[in-house]
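A short worksheet on the structure shown next.
In our numbering, the protein residues as written are 3 to 379.
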């Protein structure tokens, strides 16, 4: 069975869907790996390393997909290339199916069997396949470094003969995987950290990392978390109460990092322009949700802007800015997904189409959109 690894074509994407490590392990399982030349260059993974691991290097995409049964990607196949795939080809990637409807429909129209790794169920046996967690963890870390690079003062308290430098005050909004890593990183750099989330369960996690939890607690928060562990969208009344509390807290901060996302919906607005105006001059906001509409009113995707004396950072595809580690982790996520599917005897796969992991990630098959949450997209 031939597995092809393609070079990503989307802007701001430096990651690759396989590493020499995972190529070697997939080859040992009996798969034939073909890697498009230059696929790993952005992640410092050379063609020679893939070749040494057992892969064949294809001169271009056409050669890579020729006869391929499965294609490993980061963000899916480029729109103008989907039609080149043979019907029944399996495509694995972070497909963003709720937002990227064009790609979803194109995959279905081409008869491709597509798995959206970003829809991986949050169950125990799928933890090693959870691409959102592996990538968000790095994004949370990088967000703090980005904040520090734009902040005009130091993070830790410094006592010198000339006087004391006070520690930075950092507020993290959203205590999911990215937020928790941001809290931990900011604490390691010596900042005073507070955090907010609509889910009461996040309080213990935030405090275990040394952060102060800020939250409006009422009856509505008891149902603030979905069965998959994500935050629900809250009522307008709750949002108003939370906004008041956040505004009061935010005005005292030096740095705010926003990480709040709701699957299938635009990112919730957490920081309004009035809140920005109330922040201290020289403050920094890093919006990790900027590509999904943003948590900050004045954030612009792909730009660093200044408004009312506050620097607002809106970098795109933050995990890709740590491409080597992000690729290595993502490649392992795919390896852990594919390994249980390998046939015990002979070539190919033995897929249980009723398995929860398969039904949770399968989005197109047989010329149709098949995921229950996406039908009619």
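We put the beta carbon where it would ideally sit given N, CA and C, even for glycine.
Do residue j and residue i count as a contact pair if the criterion is CB distance below 9 Å?
{"i": "residue 62", "j": "residue 23", "result": "no"}
{"i": "residue 358", "j": "residue 123", "result": "yes"}
{"i": "residue 322", "j": "residue 256", "result": "no"}
{"i": "residue 4", "j": "residue 101", "result": "no"}
{"i": "residue 79", "j": "residue 8", "result": "yes"}
{"i": "residue 300", "j": "residue 306", "result": "no"}
{"i": "residue 337", "j": "residue 27", "result": "yes"}
{"i": "residue 280", "j": "residue 252", "result": "yes"}
{"i": "residue 11", "j": "residue 83", "result": "yes"}
{"i": "residue 15", "j": "residue 56", "result": "no"}
{"i": "residue 365", "j": "residue 121", "result": "yes"}
{"i": "residue 81", "j": "residue 64", "result": "no"}
{"i": "residue 67", "j": "residue 86", "result": "yes"}
{"i": "residue 2", "j": "residue 272", "result": "The requested residue 2 is not part of the displayed model; the chain covers only 3 to 379."}
{"i": "residue 157", "j": "residue 213", "result": "no"}
{"i": "residue 316", "j": "residue 295", "result": "no"}
So what's residue i in DSSP terms, helix, strand or just coil?
{"i": "residue 356", "result": "coil"}
{"i": "residue 173", "result": "strand"}
{"i": "residue 113", "result": "coil"}
{"i": "residue 25", "result": "helix"}
{"i": "residue 44", "result": "helix"}
{"i": "residue 305", "result": "strand"}
{"i": "residue 315", "result": "strand"}
{"i": "residue 271", "result": "coil"}
{"i": "residue 320", "result": "helix"}
{"i": "residue 241", "result": "helix"}
{"i": "residue 49", "result": "helix"}
{"i": "residue 198", "result": "strand"}
{"i": "residue 289", "result": "strand"}
{"i": "residue 73", "result": "strand"}
{"i": "residue 371", "result": "strand"}
{"i": "residue 282", "result": "coil"}
{"i": "residue 250", "result": "helix"}
{"i": "residue 160", "result": "strand"}
{"i": "residue 31", "result": "coil"}
Can you tell which of the options has the C-alpha that lies nearest to the C-alpha of residue i?
{"i": "residue 36", "options": "25, 91, 327", "result": "25"}
{"i": "residue 333", "options": "376, 190, 18", "result": "18"}
{"i": "residue 216", "options": "345, 246, 126, 310", "result": "246"}
{"i": "residue 118", "options": "339, 345, 356", "result": "339"}
{"i": "residue 146", "options": "190, 343, 161, 310", "result": "190"}
{"i": "residue 180", "options": "240, 212, 151, 137", "result": "137"}
{"i": "residue 88", "options": "373, 312, 376, 368", "result": "368"}
{"i": "residue 128", "options": "315, 361, 377, 90", "result": "361"}
{"i": "residue 178", "options": "165, 201, 168, 166", "result": "201"}
How is the beta strand (DSSP E) around residue i delimited, first residue to last?
{"i": "residue 138", "result": "No beta strand (DSSP E) holds residue 138; the alpha helix (DSSP H) holding it covers 133 to 152."}
{"i": "residue 364", "result": "364 to 367"}
{"i": "residue 130", "result": "Neither: residue 130 is in no beta strand (DSSP E) and is coded neither H nor E."}
{"i": "residue 6", "result": "4 to 7"}
{"i": "residue 209", "result": "Unbroken run through residue 209 is the alpha helix (DSSP H), 204 to 210; no beta strand (DSSP E)."}
{"i": "residue 60", "result": "58 to 60"}
{"i": "residue 94", "result": "92 to 95"}
Terminal residues of the continuous alpha helix (DSSP H) containing residue i?
{"i": "residue 185", "result": "179 to 190"}
{"i": "residue 340", "result": "325 to 340"}
{"i": "residue 88", "result": "No alpha helix (DSSP H) contains residue 88, which DSSP labels as neither H nor E."}
{"i": "residue 258", "result": "Premise fails: residue 258 lies in the beta strand (DSSP E), 257 to 260, not in any alpha helix (DSSP H)."}
{"i": "residue 63", "result": "63 to 67"}
Would the region 135 to 149 and the region 174 to 187 be scored as touching if the rule is three or more Cβ pairs under 8 Å?
In this structure the region 135 to 149 touches the region 174 to 187; the number of beta carbon pairs closer than 8 Å is three or more.
At a cut of 8 Å, does the region 193 to 201 reach the region 163 to 172 through at least three beta carbon pairs?
The region 193 to 201 is in contact with the region 163 to 172.
Check whether the region 119 to 138 and the region 88 to 103 are in contact - that is, three or more C-beta pairs closer than 8 Å.
Note that the region 119 to 138 touches the region 88 to 103; at least 3 beta-carbon pairs, one per stretch, sit closer than 8 Å.
Report yes or no: do the region 239 to 259 and the region 279 to 288 share at least 3 C-beta pairs separated by less than 8 Å?
They touch, by the three-pair rule.
Taking one C-beta from the region 291 to 298 and one from the region 264 to 272 each time, how about it: are there three or more such pairs within less than 8 Å?
Touching, per the Cβ criterion.
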